[in-house]
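The structure appears below as structure tokens.
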Amino acid sequence: MYSTAAALVFLTVALAAAGNGRVRANDRGGGDQANGKRLYLADGCFGCHGRVGQGGTLNYPTPALAQIQLPLDSFIAFLRGASKDMPSFSADVLSDKDAADIHAYLRSLSGHRSTSDFPLLNQ
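Under mature numbering (1 follows the signal peptide of the UniProt record, and there is no 0), the letters of the sequence shown match residues -18 to -1, 1 to 105, in that order.
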């Protein structure tokens, strides 16, 4: 039930933001990836979403965030919204700039890779 509820909230936010037509600079590759990585690790995001955004199953399935395609506005709206599955982060706790940096870091991650991508594993 938790993963279904999270998916519905995520989809609702994504669809609502998709129609507004605004694109911020960070959606085009801006944001400080190094600071985003620092914040992602310092704020404990990795505890559920994995050290490289691969997702996890510790308490219940959590989405992979590597190579996130969610627009920055939607990402920030999701962080600010209340959810049973994830704590909300007000602007007092996580600024829009810091959220944009985390977003840039997540977009930079390679995500899940096949074992065929590792020559040593194919010998």
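Here a beta-carbon is modelled for each residue, glycine too, at the ideal position from N, C-alpha and C.
Quantities reported herein were computed from a predicted structural model and do not represent experimental measurements.
| Check | Outcome |
| --- | --- |
| Distance CB(Gly35)-CB(Leu102) smaller than 8 angstroms | no |
| Three-state class that DSSP yields for Gly38 in the structure shown | strand |
| Continuous alpha helix (DSSP H) stretch holding Cys27: start and end | Unbroken run through Cys27: none, as it is neither H nor E. |
| 7 angstroms CB neighbourhood of Asp9 in its chain, flanking five on each side removed | Confidence at Asp9 is low in this model, with a pLDDT of 47, below 50, so the placement of that residue should be treated as unreliable; the coordinate-derived value is given next. Within the same chain, Asp9 has close Cβ partners Pro53, Leu54. |
| Alpha helix (DSSP H) segment containing Asp55, residue limits | 54 to 62 |
| Test item: CB-CB of residue 108 and His85 under 8 angstroms | Past the boundaries of the shown model lies residue 108; the chain is included only from -18 to 105, so the question cannot be answered. |
| Segment limits, alpha helix (DSSP H) that includes Lys79 | 78 to 90 |
| At least three beta-carbon pairs within less than 8 angstroms, the segment 16 to 25 to the segment 74 to 85 | yes |
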